[in-house]
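Numbering (the numbering used here), first residue to last: 36 to 185.
First the structure, in the form of structure tokens, and then the observations on it.
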Ligand SMILES: [Zn+2]
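Printed below as a string of structure tokens:
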């Protein structure tokens, strides 16, 4: 898909975690149009399900990217952190492309919950500024649990 999106970008994918990947590459061109094209192509993939609640499923891709020249003299972990921050911002509105800028910090945090009532496990994204001192409720059973550990 990357090759089809642009002949001016050369990159290799590496699995970051879960369903997330890093693309490490180089280009003399502006990367955003190529990344937007990849995002658009993935959004164009439709999978149909069958059965009682048959429906069409479409994918989304939230892309965070960083220019290595913006992070000169920093470690590989610093580079990964910058990409994670940009990706976190891309996920705020979903299906967007966001470039890391110096000083960027995530505006959302990701948490997980385990319901003691029905054993549902779930993840959530909440604004960093949100009041997280109150308990949360299970989206399946409505059981009230402890404040989220983030
Ligand atoms: Zn529950």
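Where a beta carbon is used, it is the ideal one built from N, C-alpha and C, also for glycine.
Fair warning: this is a prediction, and the values are worked out from it, not measured in the lab.
Asked	Found
Considering Cα atoms alone, identify which of 138, 148 and 137 is closest to residue 158.	148
Figure out for me which residue from 53, 58 and 54 has the closest Cα to the Cα of residue 47.	58
State buried or exposed for residue 152, treating a residue as buried only when at least 16 other CB atoms are found within 10 Å of its CB.	exposed
Does the Cβ of residue 87 have 16 or more other Cβ atoms within 10 Å, making it buried, or fewer, making it exposed?	exposed
Using only CA atoms, which one of 66, 49, 51 and 94 lies nearest to residue 135?	66
Alpha carbon to alpha carbon, how far is residue 181 from residue 154? Give it in angstroms, no decimals.	14 Å
Determine, for residue 65, whether the minimum Cβ-Cβ distance to residues of chain B falls below 8 Å.	Looking at the structure shown, chain B is missing, and only one protein chain is on hand.
How would you label residue 99, buried or exposed, when you count the other beta carbons within 10 angstroms and need 16 or more for buried?	buried
So is the beta-carbon of residue 176 under 7 Å away from any non-hydrogen atom of ligand 1?	yes
What does the alpha-carbon distance come out to for the pair residue 64 and residue 44?	7 Å
Report the three-state DSSP secondary structure of residue 88 (helix, strand or coil).	coil
Could you name each continuous alpha helix (DSSP H) segment of 4 residues or more that falls completely within the stretch 80-145, going from the start of the chain to the end?	111-128
DSSP three-state label for residue 47, please.	strand
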